[in-house]
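Chains as they are written, first to last, in my numbering: chain A, 706 to 999; chain B, 22 to 298.
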Amino acid sequence: MARILNRLEPYVALSPVLALLAIFLYLPLVFDVIYSVHDWSSLSPTWRYVGLGNFRLLWNDPIFWHGLRGNFLYAAVSLLCQVAGALVLAAILESGVVGRRLSGFFRVAFFIPSILPITVIGLLWQILYQPDGGLIDQVLQAVGLGGFAHAWLGEEATALPSIVAVSQWQWTGYLTVLFIVGIRAIPSEIYEAAAIDGAGALRSFWHVTVPGVQETTILMALITIFGAMKVFDIVWVMTAGGPNNASHVMGSYMYQLAFRDDRVGYAGAVAMAMFVLSAIAGGLQIWHARRSHS
Amino acid sequence: MNTRLRQAPRSRAAATLLLGVLALGTLYPLFWLFLNSFKLNDELFEQSWKFPEAWQWGNYPKAWQYGLGHFMANSVLVTTVSVVVIVLLSALAAYVLTTQRFRGRGVLHAVILGGLIVPPEVSLFPLFKIMKTLGVLDTYFAMILPDVAYGLPFTVLLLRAYMMVIPLEMAEAARIDGAGLLRCFWSVYLPLCRPALAAAALVQGMRVWNEFVFALTFVGRDALRPLTVGLTTFGDSLQTDWPVLLAGLVISTLPVLATFLAMQRQFMGGLTAGALK
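Shown next, in the form of structure tokens:
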């Protein structure tokens with residue numbers, strides 16, 4: 706009897722974690738699949754099976770494609786700033802070109818936006834972007850570039866790019882810190898050898914740092930794409946997808962469909978698209994991490 | 022360090038300038054926030070980069086009276102409970118996965134790690150239905166349960182990485198001395214993992230404190246709202262008095278900022294050990 710109990714112990718110990726994951730992570734995905742093949746709203750008690758009907762609707766929905774384009778814009782800009790830009794920043798900070806103290810200060814300064822609550826960031830930037838009383842337009846006006854002033858979040862052309870810009874401000878320093886860890890793992894002998902061979906700062910960045918952090922770079926790129934496919938909160942706080950659906954990404958469009966328009970089945974189809982795209986990036990990430998470990 | 026690169030003074034100056042400009046650009050919006058939280062509304066609409074003509078300290082008590090204290094108390098409650106539960110459950114799971122051999126270990130490990138790639142954003146409506154069925158909508162549990170669940174995979178990963186370095190003999194020796202699985206976990210492994218537990222608690226604490234989407238979607242009563250969502254209602258009612266709103270934003274930023282500055286080493290260490298956003 707005691708031996709049987711002993712055997713069961715590991716399962717019992719894991720059961721709270723497994724139960725929570727089953728109910729709150731995996732079960733909702735199953736529901737998403739079920740919703741996505743039904744025509745259903747939370748008000749009407751009837752479910753109508755529509756097969757792939759919602760996905761056909763999705764295929765012909767210009768707002769969805771526009772939102773998907775938003776996710777890709779998000780991913781592209783983020784790869785440029787948060788991966789390439791952060792790598793360069795990390796390399797400069799670690800190169801010893803500024804003193805140790807100063808480099809520590811810069812690291813913390815760049816990192817700070819990533820710890821702030823999303824609502825603080827959203828409300829602060831809403832005000833900074835305001836056409837009157839907002840800092841950005843005030844500065845443009847003061848330096849004689851008033852012609853470039855915009856109602857940044859209120860105009861269709863500028864709304865999403867303005868949000869994407871805030872995310873770069875928020876996350877670039879975070880990824881810089883992760884890159885710094887990667888750079889520190891490069892043996893300093895390699896840098897010394899490169900220096901003896903007469904390599905300057907740029908050459909040793911290109912030939913030592915970049916290959917040395919290749920694993921980190923791939924991981925960061927995948928994390929960034931994963932984040933860009935699921936992005937929701939910053940968009941919802943700043944514009945809720947407006948004006949006139951111009952700044953939607955998949956996440957905000959899905960939220961609007963599910964909770965505002967009460968088109969739950971269709972929202973499920975959007976959720977599936979979102980999940981598939983982010984899971985590809987996330988899955989590659991895990992696969993890559995496991996492969997490089999073994 | 023110095024052997025890495027021998028810079029000419031000019032490139033040193035250029036790099037310092039570049040970093041300085043970027044740091045200024047990063048921190049200036051926060052400085053602007055601080056500065057303008059001490060102004061009168063009219064001052065903000067002119068040249069908002071100027072210093073306040075007279076520092077309006079009164080903006081702060083005014084902001085506080087909008088219920089910030091209450092929102093903050095909710096945030097403290099939800100964060101504390103969630104972090105304790107996340108860290109304990111994850112530590113136990115990581116311990117079992119690291120030290121025990123049992124059938125299905127690989128599969129269960131994969132099930133837990135697989136949670137890393139399930140974004141909560143995808144599941145908001147199903148979660149809403151599940152909460153409703155469980156009868157926890159509009160309670161603290163509607164935040165705590167998903168906050169805990171979505172924090173587990175990362176924390177298990179983090180703690181397991183730490184426990185892998187502890188020699189297995191520690192566990193075996195304790196078992197031979199007659200300690201049960203739980204005893205061995207509680208009195209041998211938990212104390213050994215203290216630094217990792219602290220890092221995990223910090224990272225999860227920040228995450229839960231800043232959590233917005235669950236609180237927005239599953240809680241409708243002002244009385245239960247945490248700071249993140251409370252601020253949006255606060256923002257709505259203060260559309261006409263921005264400096265007071267800004268004062269509220271400063272107040273809500275201070276706890277995270279102070280915690281981060283005090284414990285940045287542990288915090289960054291915890292993040293980089295698992296690397297996920």
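We put the CB at the ideal spot given by N, CA and C, even for glycine.
A/D744 carries a strand assignment under DSSP once its states are collapsed to helix, strand and coil. Annotation for A/G827: I939, V942 and M943 place their beta carbon closer than 7 Å to its own, counting only its chain and skipping 5 residues before and after. In this structure, DSSP gives A/Y754 an extended state, which the three-state scheme calls strand. Residue contact check for A/M979 against chain B: a CB pair falls below 8 Å.
Residues of the region 233-251 of chain B that bring their beta carbon within less than 9 Å of a beta carbon in chain A comprise F233, V234, L237, T238, L248, T249, V250 and G251, in sequence order.
Scanning chain A for C-beta atoms nearer than 7 Å to the C-beta of B/P216 yields nothing, as the closest lies near 17 Å away. Annotation for B/T160: no alpha helix (DSSP H) segment contains it, and DSSP assigns it neither H nor E. Not one beta carbon of chain B lies nearer than 8 Å to the beta carbon of A/P916. Distance check between A/I739 and each of A/R965, A/M977 and A/W992 places A/M977 closest, using alpha-carbon atoms only. Assignment of A/I868 by DSSP, reduced to helix, strand and coil, places it in the helix class.
Put simply, the CB of A/P866 is far from chain B, with every gap to its CB atoms at 8 Å or more. Under the three-state reduction of DSSP, A/E860 is assigned to coil, being neither helix nor strand. Assignment of A/T929 by DSSP, reduced to helix, strand and coil, places it in the helix class.
Of the candidates A/G947, A/L927 and A/Q846, A/L927 places its Cα closest to the Cα of A/S983. In the three-state reduction of the DSSP assignment, A/A847 falls in the helix class.
Going by DSSP, A/N765 is part of no alpha helix (DSSP H) at all; its letter is neither H nor E. The beta carbon of A/Y960 falls within 8 Å of a beta carbon belonging to chain B, placing the residue at that interface. DSSP, read as helix, strand or coil, puts B/I272 in helix.
CA-to-CA, the gap between B/F175 and B/Q285 works out to about 19 Å. CA-to-CA, the gap between A/Y779 and B/D168 works out to about 26 Å. About 34 Å separates the beta carbon of B/A115 from that of A/F811, a gap too long to meet the 8 Å contact definition. If you ignore the 5 residues before and after A/S783, its C-beta comes within less than 6 Å of the C-beta of T929 and A933, all in its own chain and listed in chain order. Against chain B, the CB of A/I991 has a partner CB under 8 Å away; the residue lies at that interface.
Setting aside the 5 residues that flank it on each side, B/A195 is surrounded in the same chain by C205 and V209, each with a C-beta closer than 7 Å to its C-beta; the list follows chain order. Under the Cβ distance rule, B/K150 counts among the residues neighbouring chain A, one pair being separated by less than 8 Å. For A/S893, the uninterrupted alpha helix (DSSP H) run begins and ends at S893 to I901, by DSSP.
The beta carbon of A/G917 sits closer than 6 Å to those of I891, all from its chain and outside the five residues before and after it, given in chain order. Scanning its chain for C-beta atoms nearer than 8 Å, with the 5 sequence neighbours on each side dropped, one finds around A/N949 the residues E861, in chain order. Remark: C-beta atoms of B/L173 and B/L110 approach each other more closely than 8 Å.
For B/S96, the uninterrupted alpha helix (DSSP H) run begins and ends at G90 to T120, by DSSP.
When Cβ-Cβ separations below 8 Å define contact, A/I832 makes contact with chain B. Across the set A/G887, A/I888 and A/V913, the C-alpha of A/V913 shows the shortest separation from the C-alpha of A/A899. Counting only residues of its own chain and dropping the five nearest sequence neighbours on each side, B/G88 has a CB closer than 8 Å to the CB of D243, G251 and F255.
With its beta carbon at least 8 Å from every one in chain B, A/G849 lies outside the interface.
For B/N62, the closest C-alpha among the options B/H130, B/E190 and B/P264 is that of B/P264.
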